[in-house]
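The structure appears right after this line, and notes come after that.
Residue numbers (our numbering): 249 to 414.
See below:
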């Protein structure tokens, strides 16, 4: 999932993904970004729609968030990872910026920097259904414990009350 501006992060990984898709017989789902020249039997492009976003995520087996190690990427939020994890989807991401706080490597997801690391991480999760399911479950737990409305609403209300009282 991403905007057209984030396609630059995905594009270098596409040959590796296509190779793996051919080898392991899966389809790559890209939502909200992409290039028509990249479309083929292994790649499905969908427009992003708020009303279908959760269903689209639930149709995935692995969520990815590749980034470059540059100032812009270091400032990106990890909302995409949190969305995937909230749906119980295991994640693989570049260890950049806030991603390193969201992912507990080998617990609720994996980190990958180079093309080779991405291939290894993807194959690990593709081949091991138990690991994929366990990472998805642990990711969901992390979202509930660290990012949910239930967790933060009392703190937010307390903050607002303290501002009003001062």
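Cβ coordinates follow ideal geometry from the N, Cα and C atoms, glycine included.
Identify whether residue i lies in helix, strand or coil by the three-state DSSP scheme.
{"i": "residue 292", "result": "strand"}
{"i": "residue 279", "result": "strand"}
{"i": "residue 258", "result": "helix"}
{"i": "residue 364", "result": "helix"}
At the level of alpha carbons, what is the spacing between residue i and residue j?
{"i": "residue 402", "j": "residue 359", "result": "32 Å"}
{"i": "residue 413", "j": "residue 407", "result": "10 Å"}
{"i": "residue 295", "j": "residue 252", "result": "11 Å"}
In the DSSP assignment, find the beta strand (DSSP E) that holds residue i and state where it starts and stops.
{"i": "residue 337", "result": "Careful: residue 337 lies outside any beta strand (DSSP E) and carries neither H nor E."}
{"i": "residue 305", "result": "Per DSSP, residue 305 belongs to no beta strand (DSSP E); it is in the alpha helix (DSSP H), 301 to 306."}
Between which two residues does the alpha helix (DSSP H) harbouring residue i extend?
{"i": "residue 384", "result": "377 to 394"}
{"i": "residue 406", "result": "397 to 413"}
Excluding the 5 residues preceding and the 5 following residue i in the sequence, name in chain order all residues of the same chain whose CB lies nearer than 6 Å to its CB.
{"i": "residue 311", "result": "332, 337 and 339"}
{"i": "residue 278", "result": "293"}
Pick out whichever of the options has its Cα sitting closest to the Cα of residue i.
{"i": "residue 350", "options": "251, 393 and 266", "result": "393"}
{"i": "residue 386", "options": "368, 356 and 372", "result": "356"}
{"i": "residue 315", "options": "370, 254, 290 and 262", "result": "254"}
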